[in-house]
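So the sequence shown is numbered by the numbering used here: it starts at 25 and just counts up by one. The beta-carbon is built from N, C-alpha and C at its ideal position, and this holds for glycine as well. Everything numeric in this text was worked out from a predicted model, so none of it was measured. Below is one structure, written out as structure tokens, with a few remarks after it.
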Amino acid sequence: MTITGIITALIVGLIIGALGRLVVPGRQNIPLWLTLVIGVAAALLGTVVARALGFADTSGWDWRELATQVVLAAVGVALVTGFAGRRSVSRY
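What follows is the structure, encoded as structure tokens:
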């Protein structure tokens, strides 16, 4: 992978992560770097899922693949927020 590919993956991951945060209701108390990591993971996993289902190699924008990536990012953000929120609750 070239440096251009890495930078592109980071940018796409940030966008996918941000879209995932927008989809999840409520406030998410997770840092931006964690949103980036979730977005990159969701983008990669969404591409794998789209290829497995046979709709990743179409001409132009593939909205189904993008929707898959955003849904996976939203699930990731919701899971991480849920675990972080559970950890920060005081026991008083």
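With 16 other Cβ atoms within 10 Å as the buried cut-off, status of residue i
i: Val94; result: buried
Boundaries of the alpha helix (DSSP H) in which residue i is found, first to last residue
i: Ile54; result: Looking at the DSSP string, Ile54 is not in any alpha helix (DSSP H), and its letter there is neither H nor E.
i: Thr82; result: Here Thr82 belongs to no alpha helix (DSSP H), and DSSP marks it neither H nor E.
i: Gly78; result: From DSSP, Gly78 is part of no alpha helix (DSSP H); its letter is neither H nor E.
Pair within 7 Å by beta-carbon distance, residue i and residue j
i: Ile62; j: Ala91; result: no
i: Thr59; j: Gly41; result: yes
i: Val48; j: Ala102; result: yes
i: Ala74; j: Glu89; result: yes
Residue closest to residue i, alpha-carbon to alpha-carbon, out of the options
i: Leu38; options: Pro55, Phe79 and Ala76; result: Pro55
i: Trp87; options: Leu103, Ala102 and Ala67; result: Ala67
i: Gly100; options: Val36, Leu34, Leu43 and Ala33; result: Leu43
i: Gly106; options: Val36, Ile35, Arg51 and Ile30; result: Arg51
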